[in-house]
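Chains as they are written, first to last, in my numbering: chain A, 1 to 321; chain B, 1 to 321. The beta-carbon is built from N, C-alpha and C at its ideal position, and this holds for glycine as well. The structure appears right after this line, and notes come after that.
Number of protein chains: 2
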Amino acid sequence: MDEFGLINKIQKLENISHSSTKVGIGDDAAVFTPTSGKDIVTCVDTLTEGVHFTRETMEPSDIGYKALAVNISDIAAMGAVPVYYLVTIAVPKDWTDDEILELYEGMQQLARNENVQLIGGDSVTSKEGLYLSVTVIGEVESGKARLRSHAEVGDVVFVTGDLGGSAAGLHQLLAGKPVDEHWKIAHQKPRMHTAFAYEISRSPWRVALNDISDGLASESWEIAESSHVEIELLEEYIPLSDGLHEHFGYQKAIEMALTGGEDFQLLGTVARDNWQQLQTIAKHLGERVTMIGTVMRKGKGVVMRSQDQITPLSRGGYKHG
Amino acid sequence: MDEFGLINKIQKLENISHSSTKVGIGDDAAVFTPTSGKDIVTCVDTLTEGVHFTRETMEPSDIGYKALAVNISDIAAMGAVPVYYLVTIAVPKDWTDDEILELYEGMQQLARNENVQLIGGDSVTSKEGLYLSVTVIGEVESGKARLRSHAEVGDVVFVTGDLGGSAAGLHQLLAGKPVDEHWKIAHQKPRMHTAFAYEISRSPWRVALNDISDGLASESWEIAESSHVEIELLEEYIPLSDGLHEHFGYQKAIEMALTGGEDFQLLGTVARDNWQQLQTIAKHLGERVTMIGTVMRKGKGVVMRSQDQITPLSRGGYKHG
């Protein structure tokens, strides 16, 4: 890797430029002026070659896109708007400069779509496998962050979009068979829900939010634990990705929704009185939201109600784990 | 690595808690309220096993300390105060949970000294070698960040502390010989200069600042390039670490100061009229500052004046490179 030549090329990629940025890339640190009356929201998440992706299932540009996407999704899950990002990359010998540039271009594509500015980073060499760690910094109206702990008894549990598509895409990519396009996109370039999250944050309603990175079961547990409540999901209401049932059979399809993960949909709860308005907002933004359950009572845990039974759900789905 | 067990232990380490923090570790992202009238300053830097450190020369706690230190030093070099940090760690099989915990404890020791709160992070597995990437977020009075581009013709060039100690420590550690304690500390647990940087940021003076991570030559070049000036350093004025000259000989000692790097001293320029006051501030804080040169003229580059000659200095020191 010719580090300086590559950095020059990366810096020539089109980058969002916020007026609040006083110093971007090129000094010891970046400097920006936070918006008055807003809180800062920040997170970091890492993709690792061989663990979170392989070269067989993801193009360099997909890897870049997704490393930023997982973090933007976390910011959205706080009801916040992403504004800046920083990147750490560890590059092994078997990646060419052109591939690294494609990876950055994949990130910058998403960054331009989401109006997020690259303000810093660091590149090092890796002995084996690529590591891509992204820090995103966003803003939210002061006191309006939507936490996992906000769920209350009686709330509607809802989810954006549909589930299981990313797992289906990965399954087909690994099998080396033809891949359905919508599943490929769900896995490689998941759609972000920042506009919807932003509208929720502007609303006066109490909303608990989480993004679905580890599967519906695990994320429901996180809300249940943080809010000290028991959540009941309704199996027949879970929006499965188009064709998932037909392709994999019903039981496998449900398991993919519960545990496949990486759908990056938003899972939330809202008071029953505000559910209709939340649907209206979603509709305006072209987001589909589905009621998939209820916050039943004080407690801790998740159960699944299907037509004929109620089954405790572990973080790992129907399997106990 | 038992990820959840380890995360529990890490979360039990004593952590600074700022009143401005609304959400720390445990939701999708951290949330804090920025201080009114301040700019946010942020950077990320990564230590890699086998490149930036080896197990032979650094204890786990040193590695943790240093990964945070290199970033705190960058924040200080902006005249800013570090407030929060986030950590990404990629852990290979040959590290035990206890060693990882020691590493975090090393970070948290420095974090407590510097009043910096851990607010987020991510841990993944590594195929080979440990990666430790730290993002630090700090604050500075709006418009008061001290940039590399602030140098002007006539300025005094100064440096805190002394130079070459980290390189000397590394040299002795690699040689497997007894290590002088002050060089060991310079290499493994470099002292931070945040209090001095903060006092500079509170002053009304124009100051250019950079931290010495890559050696005096390289950092002088960065100021010269950013400020479009030529800097003249005075070889005899460069404060060498105690015993460096005696141990390594004069020429080698100067090269270690110029190119050894990792001293994490602050290199700066200030108008000649403010130099005395800056020295007074430093004295109050127990910081030694030394005048080591002058901003000579408009231009670009660094020259070294010694008793008998003036030599152009490259980023790589006296060697051309």
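Here residue 271(B) has 152, 154, 155, 156, 205 and 206 as same chain residues with Cβ atoms under 8 Å from its own Cβ, once five neighbours each way along the sequence are excluded. A residue is called buried once 16 or more other Cβ atoms fall within 10 Å of its Cβ, and residue 273(B), having fewer, is exposed. Beyond the five residues adjoining it in sequence on each side, residue 226(A) comes within less than 6 Å, by CB distance, of 148 and 149 in the same chain, given in chain order. Using a CB distance cut-off of 8 Å, residue 32(B) counts as an interface residue toward chain A. Nearest Cα to residue 221(B) within the set 306(B), 312(B) and 170(B): 312(B).
DSSP lists 53(B) as the beta-bridge partner residues of residue 49(B).
Taking a C-beta cut-off of 7 Å against chain B, none of the residues of the segment 267-301 of chain A qualify.
Cβ contact annotation for residue 128(B) (same chain, cutoff 6 Å, sequence separation greater than five): 92, in chain order.
Taking all protein chains shown into account, residue 77(B) has 16 or more neighbouring C-beta atoms within 10 Å of its C-beta and is therefore buried.
Here residue 280(B) carries a helix assignment [DSSP, helix/strand/coil]. Put simply, the backbone Cα of residue 261(A) is about 29 Å away from that of residue 101(B). The alpha-carbon of residue 202(A) is positioned some 15 Å away from that of residue 75(A). Residues 20 and 22 of the same chain have their beta carbon placed closer than 7 Å to that of residue 33(A), with the five preceding and five following residues left out of the count. Per DSSP, reduced to three states, the secondary structure at residue 8(B) is helical. For residue 304(B), the enclosing beta strand (DSSP E) begins and ends at 301-305. A straight-line Cα-Cα distance of about 15 Å links residue 124(B) and residue 47(B). Within the segment 122-193 of chain A, the complete beta strand (DSSP E) runs of at least 3 residues fall at 131-141 and 156-160. Close to residue 15(A), with beta-carbon spacing below 7 Å, lies no residue of chain B; the smallest spacing is near 16 Å. Annotation: the continuous beta strand (DSSP E) that includes residue 84(A) extends over 81-91.
With three or more CB-CB distances shorter than 8 Å, the segment 225-245 of chain B counts as touching the segment 164-171 of chain B. Within the segment 208-232 of chain B, contact with chain A at the beta-carbon level (separation under 9 Å) is assigned to 209, 210, 211, 213, 222 and 226. With respect to chain A, the C-beta atom of residue 175(B) has no partner C-beta closer than 8 Å. Residue 256(B) has a beta carbon lying at 8 Å or more from every beta carbon in chain A. With a cutoff of 8 Å on beta-carbon distance, residue 172(A) and residue 62(A) are scored as not near each other. Taking a beta-carbon distance threshold of 8 Å, residue 78(B) counts as an interface residue toward chain A. CA-CA distance, residue 111(B) to residue 16(B), rounds to 7 Å.
Less than 8 Å divides the Cβ of residue 233(B) from the Cβ of residue 304(B). A Cβ-Cβ contact shorter than 8 Å links residue 161(A) with residue 288(A).
For residue 111(A), the uninterrupted alpha helix (DSSP H) run begins and ends at 97-114, by DSSP. By the rule that beta-carbons nearer than 8 Å mark a contact, residue 164(B) does not touch chain A.
Looking only at 55(B), 300(B), 282(B) and 57(B), the smallest Cα-Cα distance to residue 196(B) is reached by 282(B). Around the CB of residue 66(B), 16 or more other CB atoms lie within 10 Å, so the residue is classed as buried. One Cα belongs to residue 175(A), the other to residue 264(B), and the distance between them is close to 51 Å. 223(A) is the residue among 248(A), 181(A), 223(A) and 137(A) whose C-alpha sits nearest the C-alpha of residue 299(A). Residue 310(B) is classed as exposed because its beta carbon has fewer than 16 other beta carbons within 10 Å across all chains shown. Under a 10 Å Cβ-count criterion, residue 284(A) is classified as exposed, with fewer than 16 other Cβ atoms of the shown protein chains found around its own Cβ.
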